[in-house]
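Numbering (our numbering), first residue to last: 17 to 462.
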Amino acid sequence: MKVTLFGTGYVGLVTGTCFAEMGNDVLCVDVDADKVSALKAGRIPIFEPGLEQMVASNSTAGRLQFSTDLELGVHHGEVIFIAVGTPSDEDGSADLRYVLSVARTIGEHMTSHKVVVDKSTVPVGTADQVREAIAATLSDRGSDLTFDVVSNPEFLKEGAAIADFMKPDRVIIGTDDPTSARLLETLYAPFNRNHDKVIHMDVRSAELTKYAANVMLATKISLMNELSNLADRLGADIEAVRVGIGSDPRIGYSFIYPGAGYGGSCFPKDVKALIHTGRELGFPAQLVQSVESVNERQKRVLVDKLMAHFDGDIRGRTFALWGLAFKPNTNDMREAPSRTIMEALFEAGASIRAYDPVANEEAARLYAGEGALSLCPNRDDTLTGADGLIVLTEWNEFRSPDFNRISATLNSPVVFDGRNLYDTDHLESLGFRHYAIGRGHQIPAG
């Protein structure tokens, strides 16, 4: 099948590459000429395990191509996926300018029937806007060409996107047109062998399903973080509580790990967008608003504990920091807790020696010219001259470090553990002060 992807960001590149892997003829189109040139040369703009090799093999085989030619993209695909960015506006709404620009481009250049698929995460009602934009452009041309608009939201986890696409939990197809539904079923058939994972629904329900899924997961995280703050004040251990509640199959263990807050490109943006949707409808989504406010507060919990430990004054101090990405197996620092924490420490007069296995380059881009930040080539180099260690991302190489070496290198043996990686009793037996999330008796002074 001939498939076009508009947008070569995280969703577009993974989607196009996986379709090509199954033998389809895929063209990925982007207006960013530098990005397209890099992709043609085999340079991948994101870190995603397995993606670089898959792009290379399918490009070599001729099944995956990249272009800046918008007209070519429209002509190429019998199915055209819109996978461009939908960043948050200042009011929290999703910015649809790129989505609607692609829609107008399709209307301008199409010469035959097209099935247009919204792959970007978009508010409910976006398919209607895309349909109107294409229809208006065709009307301006005096054309009576036909098309359909389908919602097919993505459910890809950063760090596991290839596996998620190749072996999906579900494939949502939102359309009332049986012909378009069959076409999408055919395209997804290679990913749907073991049992039928396709779920059909109307377009608006498909659009809401994506937001509902991300907000549900964000809610679990914020609720667990709220409970962790109560545990600190009650002298309880949230890790024991987690095991106790996770054993209930109605709750389960997924997304109930306390930490320094969620980040990334999806949860923060989608929570904000659903809040905005509620406001537009005159319905304040109070629970969703609380999910966001709890998360923003959670990003400062470790800062409060650190400031309390140092009696409120960290001017001139230096801290080692392990983990910059919002989660392991990605270099994505969008809305990462590390950014909130580092910026708070910079403002308080501290310096940071940081290391992340793959996000150092992204941190250098984001904090170019920040003299208080030193990016180190490995985790142990961060410890030199540091007054404490902050751990913010649960990369495997941070799980079992040499604590004797850490103690001998730090100016003071104190660890601020934002992911509850370490056992408090063990660290304290080695002479450390260990601040974690919700482990009891660790509330800031005052």
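A virtual CB, placed ideally from N, CA and C, is assigned to each residue, including glycine.
query: Which first and last residues belong to the alpha helix (DSSP H) in which asparagine 204 is found?
result: Here residue 204 turns out to be tyrosine, not asparagine, going by the sequence shown. From DSSP, the alpha helix (DSSP H) with tyrosine 204 extends over 194-204.
Closer than 8 Å is the cut-off here; do at least three beta carbon pairs connect the region 341-349 with the region 313-320? no
Original post:
Leaving out five residues before and five after glutamate 87 in sequence, what residues of the same chain have Cβ atoms less than 7 Å from its Cβ?
Top reply: His125
Item to complete: Give the straight-line distance between the Cα atoms of lysine 285 and alanine 176, rounded to the nearest whole angstrom.
Response: 20 Å
### Query
Exposed or buried, what is arginine 198 when buried is set at 16 or more other beta-carbons lying within 10 Å of its beta-carbon?
exposed
Practice problem: Quick one: give me the first and last residue of the beta strand (DSSP E) that tyrosine 371 is part of. | Solution: 367-371
key: Proximity of alanine 388 and phenylalanine 362 at Cβ, strictly below 8 Å   = yes
query: What separation, rounded to the nearest whole angstrom, lies between the Cα atoms of aspartate 183 and histidine 211?
result: Rather than aspartate, the amino acid found at residue 183 in this sequence is lysine. Cα-Cα distance, rounded: 11 Å.
Check your understanding: Out of Val165, Asn40, Asp85, Val27, which has the shortest C-alpha to C-alpha gap to leucine 67?
Key -> Val27
Under 8 Å, with one C-beta from each stretch per pair, do the region 283-302 and the region 106-120 reach the 3-pair mark? yes
Fill in: Three-way DSSP call (helix, strand, coil) for aspartate 286 in this model
helix
Does the beta-carbon of glutamate 49 have 16 or more other beta-carbons within 10 angstroms, so that it is buried, or is it exposed? According to the sequence provided, residue 49 is alanine. The question's glutamate does not apply to it. By the neighbour-count rule (16 or more Cβ atoms within 10 Å), alanine 49 is not buried but exposed.
*asked:* glycine 93 and lysine 18 - do their beta-carbons sit closer together than 8 Å?
replied: yes
Notebook entry, point to check: Below 8 Å between beta carbons: does that hold for alanine 336 and leucine 405?
Noted result: yes
Between the alpha carbons of asparagine 208 and glutamate 174, how many angstroms are there, rounded?
21 Å
Nearest-angstrom Cα distance between threonine 293 and leucine 426? 48 Å
- Query: Under a three-way DSSP split, which group does tyrosine 451 fall into?
  - Reply: strand
* Quick one, which of Leu43, Val257, Asp433, His91 has its alpha-carbon nearest lysine 56's? -> Leu43
Quiz item: Does the pairing of the region 274-284 with the region 319-333 give three or more beta-carbon distances under 8 Å?
Solution: no
Item to check | valine 259 - containing beta strand (DSSP E), residue span | outcome: Unbroken run through valine 259 is the alpha helix (DSSP H), 254-262; no beta strand (DSSP E).
Give every residue of the same chain whose Cβ lies closer than 8 Å to the Cβ of lysine 236, excluding the five residues on either side of it in the sequence, and list them in chain order.
-> Ser270, Phe271, Ile272
### Query
On the three-pair Cβ rule with 8 Å, is the region 113-122 touching the region 147-158?
yes
- [ ] To the nearest angstrom, report how far apart aspartate 185 and glutamate 308 are at their CA atoms.
- [x] 26 Å
Legend entry - Identity of the residue in Thr127, Phe181, Phe22 nearest glycine 158 by Cα: Thr127
*Under the three-state DSSP convention, the category aspartate 134 falls into*: strand
Sorted by chain position, which residues of the same chain lie with C-beta nearer than 7 Å to serine 83's C-beta, five sequence neighbours on each side aside? Leu43, Val45, Val52, Gly89
Practice item. Have a look at valine 138 and leucine 443 and give me their C-alpha separation to the nearest angstrom. Key: 46 Å
- alanine 234 bridges to which residues according to DSSP? Alanine 234 pairs with nothing; no bridge assigned.
query = So threonine 356 packs on alanine 402, CB below 8 Å; how close in whole Å?
reply = Going by Cβ atoms, the distance from threonine 356 to alanine 402 rounds to 20 Å, so no, they are not a contact pair.
Please classify histidine 259 as buried or exposed, where buried requires at least 16 neighbouring CB atoms within 10 angstroms.
This sequence places valine at residue 259; histidine is not what is there. The residue is exposed, with fewer than 16 neighbouring Cβ atoms inside 10 Å.
- Query: For aspartate 48, which three-state DSSP category applies?
  - Reply: coil
query = Taking DSSP as the reference, what is the three-state secondary structure of leucine 391?
reply = strand
**Prompt:** If you check the beta carbons only, do isoleucine 189 and valine 214 fall under 8 Å apart?
**Reply:** yes
Simplified DSSP state of isoleucine 422, which is helix, strand or coil
helix
Check your understanding: Can you give, in chain order, each stretch of the beta strand (DSSP E) that sits fully within the region 115-162 and has at least 3 residues?
Key -> 130-134
Check: So isoleucine 254 and leucine 243 are in contact, right, with Cβ under 8 Å, and what is the actual spacing, rounded?
Finding: 6 Å
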